[in-house]
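Before any comments, here is the structure.
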Amino acid sequence: MATVAGTYLHVSDIVVIIVYFLLVLFVGLWSSRKNRGSAGGYFLAGRNMNWIPVGASLFASNIGSLHFVGMVGSGAAAGIAIYLYELNAMYVLMILAYIFLPVYIASGVFTMPEYLKLRFGGNRIQIYLAVLALLVYIFTKISADLYAGAIFIEQSLNWNIYLSILVLLAVAAVFTIAGTYRPGSVHPSTSCRGCSVHNSGYV
Numbered sequence: 085m086a087t088v089a090g091t092y093l094h095v096s097d098i099v100v101i102i103v104y105f106l107l108v109l110f111v112g113l114w115s116s117r118k119n120r121g122s123a124g125g126y127f128l129a130g131r132n133m134n135w136i137p138v139g140a141s142l143f144a145s146n147i148g149s150l151h152f153v154g155m156v157g158s159g160a161a162a163g164i165a166i167y168l169y170e171l172n173a174m175y176v177l178m179i180l181a182y183i184f185l186p187v188y189i190a191s192g193v194f195t196m197p198e199y200l201k202l203r204f205g206g207n208r209i210q211i212y213l214a215v216l217a218l219l220v221y222i223f224t225k226i227s228a229d230l231y232a233g234a235i236f237i238e239q240s241l242n243w244n245i246y247l248s249i250l251v252l253l254a255v256a257a258v259f260t261i262a263g264t265y266r267p268g269s270v271h272p273s274t275s276c277r278g279c280s281v282h283n284s285g286y287v
């Protein structure tokens, strides 16, 4: 089967990618139409979801191009030991769910900085943690996800890597602004845990 001119993708590959994004956009807009009027609606989906979409949301907010490109590549080069990082995270998430999550639910908060403000008072610690989490994510997690996703696009479509990064940023912006990324729960470790740049892993 012939590939699309200038790329390594077949026509069927392009169709699958387009249909995937249209489907995700439609489902996200349709499902979030009732839960965009408040912070609780946005972060907690109106508290009306069962465990399946909540678990899927937690998975989607953690898995991105860094895993699909970086971790898989490291596993191919060095063995499955690289996976132990994610395997250990399973036990930490269980501790989080059984010990810490009931505290957050009882407090009625949506983010970790909000909980710290409620616990210790004042705005400084809330602002400090929110800014710190944002900076850490920009310079560690988001930058690595963008680079890994851009490498995939560069290799498959023969695009310039900077153009690939801009495309990923545009897609993430559309997903976030349009409400496609609908978190079922907020990861309590940070205020920006659901950054939609993780969607670059699915390009």
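The sequence shown begins at 85 in the working numbering and counts up by one. Note that beta-carbon positions come from the ideal geometry of N, C-alpha and C, so glycine has one too.
Review point. Contact check, serine 149 vs phenylalanine 223 under 8 Å by CB: the rounded distance?
Key: Not a contact, Cβ separation roughly 17 Å.
Check your understanding: In whole angstroms, what is the alpha-carbon distance linking alanine 254 and phenylalanine 194?
Key -> 26 Å
Review point. Can you tell me whether serine 96 is buried or exposed, with buried defined as 16 or more other CB within 10 angstroms of its CB?
Key: By the C-beta density criterion, serine 96 is exposed, having fewer than 16 other C-beta atoms within 10 angstroms.
Review point. According to the Cβ coordinates, are alanine 228 and glycine 163 closer than 8 Å?
Key: no
Check your understanding: So, using beta-carbon positions, are isoleucine 245 and alanine 232 closer together than 8 Å?
Key -> no
Practice item. Would you mind working out which of Gly205, Met196 and Phe204 sits nearest asparagine 215, comparing C-alpha positions? Key: Looking at the sequence shown, residue 215 is not asparagine but valine. Closest by alpha carbon: Met196.
Check your understanding: For phenylalanine 259, does the count of other Cβ atoms within 10 angstroms reach 16, so buried, or fall short, so exposed?
Key -> buried
Exercise for review: Can you give me the start and stop residues for the alpha helix (DSSP H) that valine 82 sits inside?
Suggested key: The requested residue 82 does not occur in the structure, where the chain is confined to residues 85 to 287.
Check your understanding: Hey, quick one: how far does the alpha helix (DSSP H) through methionine 196 stretch, first residue to last?
Key -> 196-204
**Study point:** Simplified DSSP assignment, three categories, for valine 193
**Key:** coil
Review point. Just curious, the alpha helix (DSSP H) that leucine 168 is in, first and last residue?
Key: Unbroken alpha helix (DSSP H) run through leucine 168: 168-179.
Review point. Would you call leucine 252 buried or exposed, if buried means 16 or more other Cβ atoms sit within 10 Å of its Cβ?
Key: buried
Check your understanding: With 16 other CB atoms within 10 Å as the buried threshold, where does glutamate 198 fall?
Key -> buried
Exercise for review: Give the straight-line distance between the Cα atoms of valine 108 and glycine 159, rounded to the nearest whole angstrom.
Suggested key: 29 Å
Point to revise | Residues of its chain near tryptophan 243, where Cβ-Cβ distance is below 8 Å and the 5 sequence neighbours each way are ignored | key: Ile237 and Val251
Practice item. Excluding the 5 residues preceding and the 5 following isoleucine 179 in the sequence, name in chain order all residues of the same chain whose CB lies nearer than 6 Å to its CB. Key: none
Review point. Is it buried or exposed for methionine 174, if we count other Cβ within 10 angstroms and need 16 for buried?
Key: Classification of methionine 174: exposed, given that the 10 Å Cβ count is below 16.
Check your understanding: With a Cβ-Cβ cutoff of 8 Å, do leucine 200 and leucine 213 count as a contact?
Key -> yes
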